[in-house]
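The structure under discussion appears below in the form of structure tokens.
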Amino acid sequence: MQLFRYLNIWIAAINYSFMRKILLLTILSICLFSCDNYEDVYIYDEGQETNWDEAANLATDALIKDFWNEAGYFNYGSNGYDEGFQYWPNAHAMDVLVDAFERTKDSKYSAYFDKWFAGIKVKNGGSYFNEFYDDMEWNGLTFLRLYNATNDEKYLTAAKEVWADIAKGWNEEYAGGGVAWRKSEPYSKNACSNGPASIMAARLYNITKDEAYKEWALKIYEWEKNMLFERGTGAIYDNIDGRTDAINDVNLTYNQGTFVGAAVELYKITGDEAYLNDAQKASNFTISKLIDTSNNILRNEGTGDNALFKGIFIRYFYKLIQEENLNEAYKTKFISFLKNNATSVWTKGCFTEVYLFGPAWNEIPVGESQLTAQASACMLIEARAALAEYLK
Numbered sequence: 195m196q197l198f199r200y201l202n203i204w205i206a207a208i209n210y211s212f213m214r215k216i217l218l219l220t221i222l223s224i225c226l227f228s229c230d231n232y233e234d235v236y237i238y239d240e241g242q243e244t245n246w247d248e249a250a251n252l253a254t255d256a257l258i259k260d261f262w263n264e265a266g267y268f269n270y271g272s273n274g275y276d277e278g279f280q281y282w283p284n285a286h287a288m289d290v291l292v293d294a295f296e297r298t299k300d301s302k303y304s305a306y307f308d309k310w311f312a313g314i315k316v317k318n319g320g321s322y323f324n325e326f327y328d329d330m331e332w333n334g335l336t337f338l339r340l341y342n343a344t345n346d347e348k349y350l351t352a353a354k355e356v357w358a359d360i361a362k363g364w365n366e367e368y369a370g371g372g373v374a375w376r377k378s379e380p381y382s383k384n385a386c387s388n389g390p391a392s393i394m395a396a397r398l399y400n401i402t403k404d405e406a407y408k409e410w411a412l413k414i415y416e417w418e419k420n421m422l423f424e425r426g427t428g429a430i431y432d433n434i435d436g437r438t439d440a441i442n443d444v445n446l447t448y449n450q451g452t453f454v455g456a457a458v459e460l461y462k463i464t465g466d467e468a469y470l471n472d473a474q475k476a477s478n479f480t481i482s483k484l485i486d487t488s489n490n491i492l493r494n495e496g497t498g499d500n501a502l503f504k505g506i507f508i509r510y511f512y513k514l515i516q517e518e519n520l521n522e523a524y525k526t527k528f529i530s531f532l533k534n535n536a537t538s539v540w541t542k543g544c545f546t547e548v549y550l551f552g553p554a555w556n557e558i559p560v561g562e563s564q565l566t567a568q569a570s571a572c573m574l575i576e577a578r579a580a581l582a583e584y585l586k
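Count along the sequence shown from 1, add 194, and you get the number used in my numbering.
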């Protein structure tokens, strides 16, 4: 009888343990599958308080130390292991230095502006034009930021010249409009060549007040929204092949980010809340679906070009966070998400001996780092430092 008594107690304990596991799994499932509700708030423990100003200085200074080439551009690999030149990542690396200069007003960052502006022209074959329209757009956006930081007309002049070439990439023969991805493929209508184009046109309008730029920004945005934006979810599709009208529905963080950036720019210009709503929806999709769910951070999208994608999203995501009329529930959720990504990359993804980063924001890089991954992480850390100041 005593044996049966112990057996019953053991069975009851197993049942209790099993039910506890079922309950915990149920709660976890509810949390995971409901996180795309904009009212859901991410609650994270930031752990030990970080001086984000100091963190940004260390990360951005490492970008210069390990990637700058005295020929006037950023190497593709850290510590001289790959001195190759890549046009579009160079724009984002310089954007980080502009971030640092705007944050600190330290001339040690602005000292690189003219050197880079001259150097990339040489490395790009003696001009700022390129086969890829998106590559010109990224650099054109950086020229505009350099102009805003310095008031030096040469940067604005270059941006206007580049824009004139980009505008030729618009055609309505394929997919009813849109800027092509590359000159040799006028049918290649990609999110990556239209989101940045709309942002650039909007910013040219803000500087010059030339209505033609505003009309371009509006037209390009509307084409992308109609062709590549999933209104029900906030997803941005990668491209449409104008020869067949086949849509590649892969979702990438940088395409989400530039759509958000364009929407924010047009909201500021027009005051039309439809743009703000688009930005909120696209951002919420990104931080709900394009993530590493075990860490609630933006997912690792790979090495090479892909390592840049997350940082580009963060740049425009932070622009949205600063909007005064952003829904408060969204603002709280978005701020918490940005904070968690920054804490993860700084505490888990940083090789602290040299302050280098890899493509995953929760893993220390193995071997040397690529410019794309370093610039992406630096964009996040610079945004976190700016957020700390914004929240004071």
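Cβ coordinates follow ideal geometry from the N, Cα and C atoms, glycine included.
According to the neighbour-count rule (16 or more other Cβ atoms, all chains shown, within 10 Å of its Cβ), is residue i buried or exposed?
i, result
"Y444", "Strictly speaking, residue 444 in this sequence is Val, with Tyr absent from that position. Exposed."
"N284", "buried"
"Q568", "buried"
"A305", "exposed"
"Q516", "exposed"
"L585", "exposed"
"A440", "exposed"
"V316", "exposed"
"D289", "buried"
"Y368", "buried"
"Y275", "exposed"
"A406", "exposed"
"I402", "For the record, residue 402 in the displayed sequence is Thr; it is not Ile. Looking at its Cβ environment, which holds fewer than 16 other Cβ atoms inside 10 Å, T402 is exposed."
"S482", "buried"
"K215", "Any reading at K215 is ruled out, since the residue's pLDDT is 43, under 50, leaving its predicted position unreliable."
So, at 8 Å on beta carbons, what are the nonlocal neighbours of residue i in its own chain, with the 5 sequence-adjacent residues on each side left out?
i, result
"F323", "M330, V356 and D359"
"F227", "Low per-residue confidence applies at F227: pLDDT is 40, beneath 50, and the placement is therefore not dependable, though the value from the model is reported in the following sentence. Excluding sequence neighbours, F227 sits near nothing in its chain."
"S382", "A374, W375, R376, N433, D435 and G436"
"A343", "V292, F295, E296, S304 and F307"
"A579", "W246, D247, A249, A250 and R297"
"N442", "Y431, D432, N433, I434 and D435"
Can residue i and residue j be called in contact, C-beta distance under 7 Å?
i, j, result
"A582", "W246", "yes"
"F307", "L257", "no"
"E576", "A250", "yes"
"N535", "I491", "yes"
"R297", "L338", "no"
"A429", "F453", "no"
"A253", "Y549", "yes"
"T497", "P553", "yes"
"G334", "A353", "yes"
"F551", "G561", "no"
So residue i packs on residue j, CB below 8 Å; how close in whole Å?
i, j, result
"A501", "S570", "6 Å"
"G451", "Y510", "4 Å"
"T447", "F507", "4 Å"
"E424", "Y415", "That pair is no contact at about 16 Å."
"N556", "N471", "In fact, because the Cβ distance is near 32 Å, the residues do not count as touching under 8 Å."
Spatial neighbours of residue i within its chain, please: CB distance less than 6 Å, with the 5 preceding and 5 following residues excluded, ordered by chain position.
i, result
"Y469", "A457, L460 and Y461"
"G363", "Y327, V373 and A374"
"T427", "F479"
"C572", "A253, T254, L257 and V290"
"F528", "I515"
"L350", "Y341"
"D260", "S272 and N273"
"A265", "G313"
"T336", "A285, M288 and D289"
If you drop the 5 nearest sequence neighbours on each side, which residues of the same chain put their C-beta closer than 7 Å to that of residue i?
i, result
"N263", "N269 and E277"
"W332", "W282, A285, H286 and P390"
Report the start-end ranges of each alpha helix (DSSP H) in the region 398-472 that is 4 residues or longer and not cut off at the edges. 405-422 and 447-464
Whole alpha helix (DSSP H) elements within the region 319-403, 4-residue minimum: 327-344, 347-361 and 385-402
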